[in-house]
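Report on the structure given below.
Number of protein chains: 2
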Amino acid sequence: MADMFENKDGRTELSELGEFGLIEEIKKSVTLNQEGSILGIGDDAAIVRPTENHDTVVSTDMYMEGVHFDLSYAPLKHLGYKTITATISDICAMNAMPKQVVTSIALSNRFSLEAVEEIYKGMLLACKLYKVDLVGGDTTSSTGGLAISVTAFGEVEKNKAVTRSGAQQNNLLVVSGDLGGAYMGLQILEREKAIYKENPEIQPDLEGNDYILERQLKPEARKDIVEQLADMEVIPTSMIDISDGLASEVLHLCKESNVGFNIFEDKIPHDHQTIDKAREFNLDPTMTAMNGGEDYELLFTVNFDDAEKFRNNPFFTVIGHTTGAGEQCQMVARDGSIHPITAQGWNHFTQ
Amino acid sequence: MADMFENKDGRTELSELGEFGLIEEIKKSVTLNQEGSILGIGDDAAIVRPTENHDTVVSTDMYMEGVHFDLSYAPLKHLGYKTITATISDICAMNAMPKQVVTSIALSNRFSLEAVEEIYKGMLLACKLYKVDLVGGDTTSSTGGLAISVTAFGEVEKNKAVTRSGAQQNNLLVVSGDLGGAYMGLQILEREKAIYKENPEIQPDLEGNDYILERQLKPEARKDIVEQLADMEVIPTSMIDISDGLASEVLHLCKESNVGFNIFEDKIPHDHQTIDKAREFNLDPTMTAMNGGEDYELLFTVNFDDAEKFRNNPFFTVIGHTTGAGEQCQMVARDGSIHPITAQGWNHFTQ
Numbered sequence: 001m002a003d004m005f006e007n008k009d010g011r012t013e014l015s016e017l018g019e020f021g022l023i024e025e026i027k028k029s030v031t032l033n034q035e036g037s038i039l040g041i042g043d044d045a046a047i048v049r050p051t052e053n054h055d056t057v058v059s060t061d062m063y064m065e066g067v068h069f070d071l072s073y074a075p076l077k078h079l080g081y082k083t084i085t086a087t088i089s090d091i092c093a094m095n096a097m098p099k100q101v102v103t104s105i106a107l108s109n110r111f112s113l114e115a116v117e118e119i120y121k122g123m124l125l126a127c128k129l130y131k132v133d134l135v136g137g138d139t140t141s142s143t144g145g146l147a148i149s150v151t152a153f154g155e156v157e158k159n160k161a162v163t164r165s166g167a168q169q170n171n172l173l174v175v176s177g178d179l180g181g182a183y184m185g186l187q188i189l190e191r192e193k194a195i196y197k198e199n200p201e202i203q204p205d206l207e208g209n210d211y212i213l214e215r216q217l218k219p220e221a222r223k224d225i226v227e228q229l230a231d232m233e234v235i236p237t238s239m240i241d242i243s244d245g246l247a248s249e250v251l252h253l254c255k256e257s258n259v260g261f262n263i264f265e266d267k268i269p270h271d272h273q274t275i276d277k278a279r280e281f282n283l284d285p286t287m288t289a290m291n292g293g294e295d296y297e298l299l300f301t302v303n304f305d306d307a308e309k310f311r312n313n314p315f316f317t318v319i320g321h322t323t324g325a326g327e328q329c330q331m332v333a334r335d336g337s338i339h340p341i342t343a344q345g346w347n348h349f350t351q
Numbered sequence: 001m002a003d004m005f006e007n008k009d010g011r012t013e014l015s016e017l018g019e020f021g022l023i024e025e026i027k028k029s030v031t032l033n034q035e036g037s038i039l040g041i042g043d044d045a046a047i048v049r050p051t052e053n054h055d056t057v058v059s060t061d062m063y064m065e066g067v068h069f070d071l072s073y074a075p076l077k078h079l080g081y082k083t084i085t086a087t088i089s090d091i092c093a094m095n096a097m098p099k100q101v102v103t104s105i106a107l108s109n110r111f112s113l114e115a116v117e118e119i120y121k122g123m124l125l126a127c128k129l130y131k132v133d134l135v136g137g138d139t140t141s142s143t144g145g146l147a148i149s150v151t152a153f154g155e156v157e158k159n160k161a162v163t164r165s166g167a168q169q170n171n172l173l174v175v176s177g178d179l180g181g182a183y184m185g186l187q188i189l190e191r192e193k194a195i196y197k198e199n200p201e202i203q204p205d206l207e208g209n210d211y212i213l214e215r216q217l218k219p220e221a222r223k224d225i226v227e228q229l230a231d232m233e234v235i236p237t238s239m240i241d242i243s244d245g246l247a248s249e250v251l252h253l254c255k256e257s258n259v260g261f262n263i264f265e266d267k268i269p270h271d272h273q274t275i276d277k278a279r280e281f282n283l284d285p286t287m288t289a290m291n292g293g294e295d296y297e298l299l300f301t302v303n304f305d306d307a308e309k310f311r312n313n314p315f316f317t318v319i320g321h322t323t324g325a326g327e328q329c330q331m332v333a334r335d336g337s338i339h340p341i342t343a344q345g346w347n348h349f350t351q
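Heads up: the protein sequence lines correspond to chains X and B, in order. Residue numbers for the first sequence follow the numbering used here, so the first one is 1 and each next one is one higher. Residue numbers for the second sequence follow the numbering used here, so the first one is 1 and each next one is one higher.
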């Protein structure tokens, strides 16, 4: 990465460099490491060689300035990183291994080459860590804000992809990691932005919130969980990643699999920072998990026979179970009362 | 298509429907026809099954309002159509057959469900005509203009993809169809828009320009040329599609293949409408082909041994030949004078 974009001094205008110049700069800093990546950036299309007896899984996501990110607190490098990890999270949610990505960036002239460099640095750092090749893309201008599109490809043994629709009665509902952190990270960033707007003299107070800020600004995709499930010889019956909040995701599994769910409130895993901050903000930690979103953990169902494998396993928490066909999704609260789960997940179009 | 989006009366707000409601509406109107399309819209990722002994080619393009299209004259349905054909044109340029696409659309609340419907109708019409399956996508909101991202996948026999880098000395340079039409179509649309702005009473005068208007608003991808080349048993040594103008594209072949090119001005194919309109606008028809762009024809090199197959073939025109390694790209003008070719292709970032 060190030699990416040679001219480091000052600001290089994109208009000087042009689209092809920019592509050349990006091409220089990209290496292909996957066996299946035959041809990368610079032709009409990339060439990818599928592994025999494997299916390809494909997911695409669009990230818009002012909707998905706020450049007043999201550093460009983090943003680049997050667009890659959030997209390959969908590949992991199919129980597949991410292999390649293609990315498109539309940006206005207010961005310099150095700004684009920061975005790509973040993207390429994520690619390196996740052993994913950036094989193509498009760069263009925007009359409005910054727009980033990422399409990710992965591979899974033929007929072994895990969808949202395979959950059955009496399956366990399992989640990786902890929930609500990304949402609390966002609350802190929004608060500090509001304070800064009122008084630019005050420095942002981000101390002691590293974990939840990182959950928001630089989330990880749980590729390690896909590997771990393989090691444990567990194939989930259904799976989804948590991008819009636990409530929204469990409703997807419910609808696509046609089974009900019981989630036990006291089982929902939180980091202590999430709980502390939720209290400070007068928020219910359960709500941060249910409706917060952007945690990018994996939520899946497994056969009851696999229960033993998840007991006291630090990577996973069993938070509930499926009920019968056509049943509701419900939350069993700490006091034993039962509440139907409704989607309070973020509705983009009302923002 | 007839039953797409049931509520046809009046305007349905996207905020009422929400992202998942919109996805449901889209999902209803999509069918999967390719053997390799295992799972389409509605899960974390699509599942595609690669054909044995084939490579996958992947291309992605981003289309931004105010940069790539102007909604004051591009109907939304045409726009949807064009984003698909322009992207699969890149797949054809690899000598591959397009199979699937994933699309993302970011749009503001000024668009109704009915507007989104129009975009998807155009996309799905192109998918149907080109036998391509829409297997996934993302829909989100935008604080600025409309943004569309399309990623297309195709297949080609293993190791048989044609890149930009295989042209050799003494190859013929061949182009499909005719050039400059899309550019002249744009000139007419821009002129009528300017007139309309000055006096909204005046109806746009588009009569008699159907061909070049269609070249601009509803271009086709030359999948038929890929099929034809296979029938003729011709494998080009290099290939590219003409999106930025002949000058820009031949310079790409020159650079990537490290050979020079001679293009003969009098061989460049134009439709008579293009020539007529160029004269009316006081433009040089050669310029419309060299620098106009968006014709989406295929430009390729073939071995001299294949020359006979292209003689008097109505689908192709031999417009020049390669010269030695490290030589220049030049145009041999009608008067025999020689001019170096420089990229006058559109530089997005200076717009």
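Glycine included, C-beta positions come from ideal geometry on N, C-alpha and C. This one's a predicted model, so the numbers in the text were calculated from it and none came from an experiment.
Where V67(X) meets chain B, residues with beta-carbon distance less than 9 Å: Within the first sequence, the letter at position 67 stands for residue 67(X). Within chain B, the residues near V67(X) are A106, T140, S141, S142, T143.
Closer than 8 Å to chain B by CB, G122(X): In the first sequence, counting from the first residue as 1, residue 122(X) sits at position 122. It does not: the Cβ of G122(X) has no partner Cβ on chain B nearer than 8 Å.
C-beta atoms of I119(B) and L76(B) nearer than 8 Å: As a first step, residue 119(B) is located in the second sequence; it is residue number 119 there, counting from the start. As a first step, residue 76(B) is located in the second sequence; it is residue number 76 there, counting from the start. Cβ atoms of I119(B) and L76(B): closer than 8 Å.
Beta-carbon proximity list for H348(B), same chain, < 7 Å, skipping 5 on both sides: As a first step, residue 348(B) must be located in the second sequence, where it is residue number 348. Its pLDDT being 43, under 50, H348(B) is placed unreliably in this model, and the value from its coordinates should be taken loosely. Only V67 meet the Cβ criterion.
Residues bridged to H54(X) (per DSSP): Stepping through the first sequence from its first residue, residue 54(X) is reached at position 54. Paired residue(s): E157(X).
Whether V30(X) touches L134(X) by CB criterion (8 Å): Numbered from 1 along the first sequence, position 30 holds the residue referred to as residue 30(X). Numbered from 1 along the first sequence, position 134 holds the residue referred to as residue 134(X). Cβ distance < 8 Å, so V30(X) and L134(X) count as in contact.
For L172(X), three-class secondary structure by DSSP: Locating residue 172(X) in the first sequence gives position 172, counting from the first residue. Three-state result, L172(X): strand.
Proximal chain B residues relative to A93(X), where beta-carbon distance stays under 8 Å: Taking the first residue of the first sequence as position 1, residue 93(X) is located at position 93. Within chain B, the residues near A93(X) are D44, A45.
Cβ shell of Q330(X) (< 8 Å), same chain only, five flanking positions each side left out: The residue given as residue 330(X) occupies position 330 in the first sequence. So the qualifying residues of the chain are G260, F261, N262, I263, I338, H339, P340, I341.
Buried versus exposed call for G345(X) [16 or more other C-beta atoms within 10 Å across all chains shown]: Start at 1 with the first residue of the first sequence, and residue 345(X) comes out as number 345. Residue placement at G345(X) is poorly supported in this model, since its pLDDT is 44, which falls under 50; the coordinates are not used for a value here.
Bridge-paired residues (DSSP) for G137(X): Walking along the first sequence from the start, residue 137(X) turns up at place 137. Answer is T103(X), bridged to G137(X).
C-alpha gap between L146(B) and T139(B), whole angstroms: Taking the first residue of the second sequence as position 1, residue 146(B) is located at position 146. Taking the first residue of the second sequence as position 1, residue 139(B) is located at position 139. Cα-Cα distance, rounded: 11 Å.
Chain X within 8 Å of L39(B), Cβ atoms only: For the purposes of this step, residue 39(B) is identified with residue 39 of the second sequence, where counting begins at 1. Yes, L39(B) lies at the interface with chain X (some Cβ there is under 8 Å from its Cβ).
Sequence-distant residues of the same chain with beta carbon closer than 6 Å to M290(B), five excluded per side: Here residue 290(B) is taken as the residue at index 290 of the second sequence, counted from 1. Cβ within range, chain order: G245, L246, A247.
C-beta neighbour in chain X for S149(B), strict 8 Å: As a first step, residue 149(B) must be located in the second sequence, where it is residue number 149. Chain X contact via Cβ: present.
Where the stretch 8-27 of chain X meets chain B: residues whose CB sits under 7 Å from a CB there: L14, S15, G18, E19
N353(B): first and last residue of the uninterrupted alpha helix (DSSP H) it sits in: Nothing about residue 353(B) can be reported from this structure: the residues present for chain B run from 1 to 351 only.
Endpoints, beta strand (DSSP E) assigned at V302(B): Residue 302(B) sits at position 302 when you count from the first residue of the second sequence. Where V302(B) is concerned, the enclosing beta strand (DSSP E) stretches over 298-302.
Residues that DSSP places opposite L39(B) in a beta bridge: Taking the first residue of the second sequence as position 1, residue 39(B) is located at position 39. Answer is I47(B).
According to DSSP, residues forming a beta bridge with Y63(B): The residue you call residue 63(B) lines up with position 63 of the second sequence. According to DSSP, which records beta bridges pairwise, Y63(B) is partnered with I148(B).
Backbone CA spacing between A2(X) and K121(X) [nearest angstrom]: Here residue 2(X) corresponds to residue number 2 of the first sequence, with the count starting at 1. Here residue 121(X) corresponds to residue number 121 of the first sequence, with the count starting at 1. Here the model assigns A2(X) a pLDDT of 37, short of 50, so the residue's position is not dependable and the matter cannot be decided.
Status (buried if at least 16 other CB within 10 Å, exposed otherwise) for L14(X): Numbered from 1 along the first sequence, position 14 holds the residue referred to as residue 14(X). Label assigned to L14(X): buried.
Buried or exposed by the 16-neighbour rule on C-beta atoms within 10 Å, applied to I240(X): Within the first sequence, numbered from 1, the residue matching residue 240(X) stands at position 240. Classification of I240(X): buried, given that the 10 Å Cβ count is 16 or more.
Three-state secondary structure assigned by DSSP to T274(B): Sequence index remark: in the second sequence, residue 274(B) carries index 274 (1-based). Three-state result, T274(B): helix.
Enclosing alpha helix (DSSP H) for D231(X) [first to last residue]: Locating residue 231(X) in the first sequence gives position 231, where the first residue counts as 1. 223-231 is the extent of the alpha helix (DSSP H) around D231(X).
Distance CB(T288(B))-CB(G136(X)) smaller than 8 Å: Within the second sequence, residue 288(B) is the residue found at index 288, counting from 1. Within the first sequence, residue 136(X) is the residue found at index 136, counting from 1. Contact flag unset, no.
Validate contact between the stretch 109-116 of chain X and the stretch 183-197 of chain X using beta carbons, cut 8 Å, 3 pairs: no
Proximal chain X residues relative to A161(B), where beta-carbon distance stays under 7 Å: Counting from 1 along the second sequence, the entry for residue 161(B) is found at position 161. Simply I47.
Buried or exposed (CB count within 10 angstroms, at least 16 for buried), E6(B): Numbered from 1 along the second sequence, position 6 holds the residue referred to as residue 6(B). With a pLDDT of 42 at E6(B), under the threshold of 50, the modelled position of that residue is not reliable, and no figure is offered here.
CB contact below 8 Å: S337(B) versus chain X: Reading the second sequence from its first residue, position 337 is the one you call residue 337(B). S337(B) does not count as touching chain X.
Buried or exposed (CB count within 10 angstroms, at least 16 for buried), R311(B): One-based indexing of the second sequence puts residue 311(B) at position 311. With fewer than 16 Cβ atoms within 10 Å of its Cβ, R311(B) is classed as exposed.
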